[in-house]
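K.L.:
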Amino acid sequence: MNQKQISIAVFGSSGGVAKSVLALLGKSAQTPDDPLYEHLRQCRLHLVDWKQREAGYYKAICPSLSDKITLHKLDLTDLDTVRRFLAEAEVSLVIDTSWADTVEMLELCDELAIAYVNTALEIASVDASDQLHGFTLLERYHIFEERRGSFQNTKAIVCSGMNPGVVQWMAHEMLKETPDELPIACYVVETDNTFYKDKSLVKPRTVYSSWSPECFLDEAISNYPMFVQQHTPLVLYNDVYELQFKVTLGDIQFYGCLMPHEEVLTMGQHYNMEFGFIYKVNDYTIGTIRDNLQNSDDLWEWNHKVLDPGDAELTGADLVGVLLVYKDKERFMYNVMDNASVYAKYGANATYFQVACGVYGAVCSLLLDEVPNGVHYVDDLLMTAASSYGHYVSRYMTPFIKGENAASDGLLLQRMRPFRSS
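Be aware that the sequence shown starts at 4, since it is given in the working numbering, and climbs by one per residue.
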């Protein structure tokens, strides 16, 4: 995309991911050596949400862009209205941080030759079905894959947050370093102990998460543990929180749960090794789910609360990385961000800022690199396109820490144990 004057639409603009993305774009617009600086100086920014915020909310987040912002209150399921808006506003790039149906949004962008970025797969028909319990992620992926090849009039990067997104770049970088030494497994690993500093703020019958509690619950209680082996998704018929899996990153060790995730499926198509996502959240949220394993569907009826540092001071940090497993050793790479530092600079929690860095990387790639037409996962982008995605995400996401374990804990079933509290 060569033009410098662009019209950007942010879908889901009132949410937590959008808040972090806008804060990061606001920083870019103030930094002359930032890759997006010239584009943002001349852009129009259309912020779209059904539950739209007041103008002052956005001015506080990104004051350097406030004179470029137009607010829109739109229902993204009303496709005729969305199509008319995109055409009339002459939108050239959609940053989709909403829960809108990914296929429907891509259909519109493909029709109008608009570039598109999102952070996850959203398929409305899957969300509406009661028959897919345990397999909602797999079903979203299969439906999306059936349609992905038909979109050839757009340039799109899907699933570019932290994970999925940046983690694929991390795996790609690690694999490039030793091309003649292929691992037997690659695990995306995350330990996030974000929580309130003042525990008295905790309220009963509330699910707390550092990102969308609804999306977290979908992974944690509405899906079975899933991994990929020999390009094939495999499912364990257990509750996610019945099992734990060991992760060692040098001096850091934790036991997380095996969760279904988009990057496990996409990387599993490219490489013949075992892939999985091992995730540990804060102890309070773990306890909430463990205490309700026998009636976990009730958690959907509870209050859902994002851990927002704008509401109250947060402690903890979010560590996300990749672990490459060999027969006699392990290599790893991860990024860790603490909530206090991120909030001081960007007004967000660590998790949402990491996601925003992945969005920023995808936006830079679409605007600055020679990305071919079609819909790309980050894996595809790195393997087939001349993309500087890793350079872009590294600008604000620092540091990346690398290391090696002198021994290996093996494949997933070797690291598995029944859930224990310690």
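We put the CB at the ideal spot given by N, CA and C, even for glycine.
Can at least three beta-carbon pairs, one atom from the segment 80-97 and one from the segment 54-69, be found at a separation below 8 angstroms?
P.N.:
no
K.L.:
Can you have a look at Val-120 and say buried or exposed, based on whether 16 or more other CB atoms are within 10 angstroms of its CB?
P.N.:
buried
K.L.:
Are the segment 158-169 and the segment 369-381 touching by the rule of at least three beta carbon pairs closer than 8 angstroms?
P.N.:
Yes, the segment 158-169 is in contact with the segment 369-381.
K.L.:
Alpha carbon to alpha carbon, how far is Val-20 from Tyr-355?
P.N.:
6 angstroms
K.L.:
Can at least three beta-carbon pairs, one atom from the segment 127-136 and one from the segment 398-405, be found at a separation below 8 angstroms?
P.N.:
no
K.L.:
In the structure shown, what three-state DSSP assignment does Arg-293 receive?
P.N.:
helix
K.L.:
Once the 5 residues before and after Leu-27 are set aside, which same chain residues still bring their CB inside 6 angstroms of it?
P.N.:
Ala-359 and Tyr-363
K.L.:
Determine the DSSP secondary structure at Asn-342, reduced to helix, strand or coil.
P.N.:
helix
K.L.:
DSSP three-state label for Gly-377, please.
P.N.:
strand
K.L.:
Under the three-state reduction of DSSP, which class applies to Leu-25: helix, strand or coil?
P.N.:
Three-state DSSP puts Leu-25 in a helix.
K.L.:
Over the uninterrupted beta strand (DSSP E) stretch that includes Asp-321, give me the two end residues.
P.N.:
320-328
K.L.:
Do Leu-317 and Arg-352 come within 8 angstroms of each other at the CB atom, strictly closer than that value?
P.N.:
Note that residue 352 is Asn in the sequence shown here, rather than Arg. Against a cut-off of 8 angstroms, the Cβ pair of Leu-317 and Asn-352 comes out as a contact.
K.L.:
Pull up the distance between the alpha-carbon of Asp-183 and that of Val-250, whole angstroms please.
P.N.:
25 angstroms
K.L.:
What separation, rounded to the nearest whole angstrom, lies between the Cα atoms of Ala-510 and Gly-168?
P.N.:
Outside the modelled stretch of the chain, which goes from 4 to 425, sits residue 510, for which no answer is possible.
K.L.:
Can you tell me whether Tyr-227 is helix, strand or coil according to DSSP?
P.N.:
coil
K.L.:
If distances are taken between C-alpha atoms only, which option among Leu-415, Tyr-287, Ala-58 and Gly-324 comes closest to Gly-406?
P.N.:
Gly-324
K.L.:
For Gln-6, which three-state DSSP category applies?
P.N.:
Residue placement at Gln-6 is flagged as unreliable, the pLDDT there being 48, under the threshold of 50; the coordinate-derived value follows with that caveat. Reduced to three states, the DSSP call for Gln-6 is coil.
K.L.:
Take Tyr-258 and list the residues in its own chain whose beta-carbon comes closer than 8 angstroms to its own, dropping the five residues that flank it on each side.
P.N.:
Excluding residues within five positions, the ones whose Cβ falls inside 8 angstroms are Gln-247, Phe-248, Lys-249, Val-250, Lys-283, Arg-420 and Arg-423.
K.L.:
Starting from Phe-154, trace the alpha helix (DSSP H) both ways and give me its first and last residue.
P.N.:
Premise fails: Phe-154 is in no alpha helix (DSSP H) and is neither H nor E.
K.L.:
Please classify His-75: does DSSP put it in a helix, a strand, or coil?
P.N.:
Note: His-75 maps to strand in three-state DSSP.
K.L.:
Which same chain residues end up closer than 7 angstroms to Arg-143 when comparing Cβ atoms and leaving out the 5 residues on each side of it in sequence?
P.N.:
Leu-124, Ile-126 and Val-129
K.L.:
Contact between the segment 182-197 and the segment 283-302 is defined here as three or more beta-carbon pairs at a separation below 8 angstroms; is this criterion met?
P.N.:
yes
K.L.:
Any idea what DSSP makes of Pro-236, helix, strand or coil?
P.N.:
strand
K.L.:
Give me the residue from Glu-57, Gly-15, Ile-64 and Ile-11 with the minimum Cα distance to His-49.
P.N.:
With distances taken between CA atoms, His-49 lies nearest to Ile-11 out of Glu-57, Gly-15, Ile-64 and Ile-11.
K.L.:
Is the segment 291-299 in contact with the segment 170-180, if contact means three or more CB pairs nearer than 8 angstroms?
P.N.:
no
K.L.:
Assuming Gly-29 contacts Cys-65 (C-beta within less than 8 angstroms), just tell me the rounded distance between them.
P.N.:
Rounded to the nearest angstrom, the Cβ distance from Gly-29 to Cys-65 is 3 angstroms, consistent with a contact under 8 angstroms.
K.L.:
Going by beta-carbon coordinates alone, are Asp-201 and Ala-347 separated by less than 8 angstroms?
P.N.:
no
K.L.:
By Cβ distance below 7 angstroms, which residues in the same chain neighbour Thr-139 in space, the five residues on each side in sequence not counted?
P.N.:
Val-129, Asp-221, Ser-225 and Asn-226
K.L.:
Excluding five sequence neighbours on each side, which residues of the same chain lie with their C-beta closer than 8 angstroms to the C-beta of Gln-55?
P.N.:
Ser-16, Ser-17, Leu-74, His-75 and Lys-76
K.L.:
Secondary structure at Phe-356, three-state DSSP: helix, strand or coil?
P.N.:
Three-state DSSP puts Phe-356 in a helix.
K.L.:
Measure the alpha-carbon distance for Thr-80 versus Ala-63 and round it to whole angstroms.
P.N.:
29 angstroms
K.L.:
Between Asp-383 and Ser-203, what straight-line distance do the alpha-carbon atoms span, to the nearest angstrom?
P.N.:
46 angstroms
K.L.:
Helix or strand or just coil, what does DSSP make of Pro-186?
P.N.:
If DSSP states are grouped into helix, strand and coil, Pro-186 belongs with coil.
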